[in-house]
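Worksheet for the structure shown next.
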Amino acid sequence: MKKGAVLRHSPRSRSLSDEEIELWISVARSVTPRHGHVLPHVQKERTPVELEDRTIPVPAVTLAAPPAPMKAPAIPALSGVERRLKAKLAQGKAGVDAVLDLHGMHQHTAFNALRNFLSGAQRDGAKLVLVITGKGERFSADPMEQGGVLRRAVPHWLSAPEMRGIVIGFEEATRPHGGAGALYVRIRRRDRISTLNAGR
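Everything in the sequence shown is counted per the numbering used here, starting at 111 for the first residue and increasing by one.
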């Protein structure tokens, strides 16, 4: 090397890590240091407590309470024909607004006919209609129509929750209108349907 030449660090030079410095110090302790020189300072390792202090706090999460189960909507009870009106019907002093005769129909056909008839009666503003089921006394070749099947089925159909928007109530007709083989059905006014839904 020429006199007066300047040492230049390689661009790839880097600073020593703490581990490398500790290794070098352990070697250097075995020899006597030159006058005026001290061993390099080793950065103290951080303790776990100090590391915990640097952790980012996690905000507490509050779990919302599960929603309360919804109550089933209350279905209004069915009501029959008023006593005074029924007396007038029996005496022939009052009549019905429309009549549906289900004689000779199969159950599926009868159900669709009943539903369409009641919807149309409500749309037309009817208040009281007559549904003839028959007493089921006559013999039928179809076993599904023997023994008054419709006479038993129609009251169940009229009592179904999906019919409450149309049907207020029903009861057996008086003798002039067929007696046990027919039913008076009270029809709900269309402007009362929103009130029924609000009550649920």
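Using N, Cα and C, we set each Cβ at its ideal position, and we do this for glycine too.
Task: Start-to-end residues for the alpha helix (DSSP H) that takes in L212 - done: The continuous stretches of alpha helix (DSSP H) do not include L212, and DSSP gives it neither H nor E.
TODO: Decide yes or no for the touch test of the stretch 278 to 285 against the stretch 216 to 233: beta carbon pairs closer than 8 Å, at least 3 of them.
DONE: no
- [ ] Starting from the C-beta of K245, find all residues in its chain whose C-beta is less than 7 Å away, skip the five residues before and the five after it, and write them out in chain order.
- [x] The beta carbon of K245 sits closer than 7 Å to those of G258, R261, A290 and G291, all from its chain and outside the five residues before and after it, given in chain order.
TODO: Please determine, among I131, K237, M273 and G288, the residue with the shortest C-alpha to C-alpha distance to R299.
DONE: K237
Open item on the list: Is it buried or exposed, A270, if we count other Cβ atoms within 10 angstroms and call 16 or more buried?
Closed with: exposed
Open item on the list: For D211, which residues in the same chain have their Cβ closer than 7 Å to its Cβ, ignoring the five residues on either side in sequence?
Closed with: I242
- [ ] Let me know the secondary structure DSSP gives V259 once reduced to three states.
- [x] helix
Open item on the list: Which residue wins for smallest C-alpha separation from H213, given the options L199, V295, G288 and I135?
Closed with: G288
Task: Range covered by the beta strand (DSSP E) that runs through A292 - done: Note, A292: beta strand (DSSP E), A292 to I297.
Task: Spatially closest choice to E282 from R225, E129, P265 and G202, by CA coordinates - done: P265
- [ ] From the DSSP output, in three-state form, read off S264 for me.
- [x] Before going further, note that residue 264 is Val rather than Ser in the sequence given. Note: V264 maps to helix in three-state DSSP.
Task: According to DSSP, residues forming a beta bridge with E282 - done: Beta-bridge pairing links E282 to L293.
Open item on the list: Let me confirm a value: R193 is counted as buried when at least 16 other C-beta atoms fall within 10 Å, else exposed. Which label applies?
Closed with: exposed
Open item on the list: So, with DSSP's three-state summary, where would you put L224?
Closed with: helix
Task: Selected residue, minimal CA-CA separation from V295, among L268, L126 and D128 - done: Of the listed residues, the one whose Cα sits closest to V295 is L268.
- [ ] Let me know the secondary structure DSSP gives V236 once reduced to three states.
- [x] Rather than Val, the amino acid found at residue 236 in this sequence is Ala. A236: coil per DSSP, three-state reduction.
Task: Beta-carbon proximity check, L370 vs P286, cutoff 9 Å - done: Summary: the structure shown does not reach residue 370, with the chain confined to residues 111 through 310, and so no result is reported for it.
TODO: Please report how far the alpha carbon of Q201 lies from the alpha carbon of T284, in whole angstroms.
DONE: 9 Å
TODO: Can you check DSSP and say which residues form a bridge with A208?
DONE: V239
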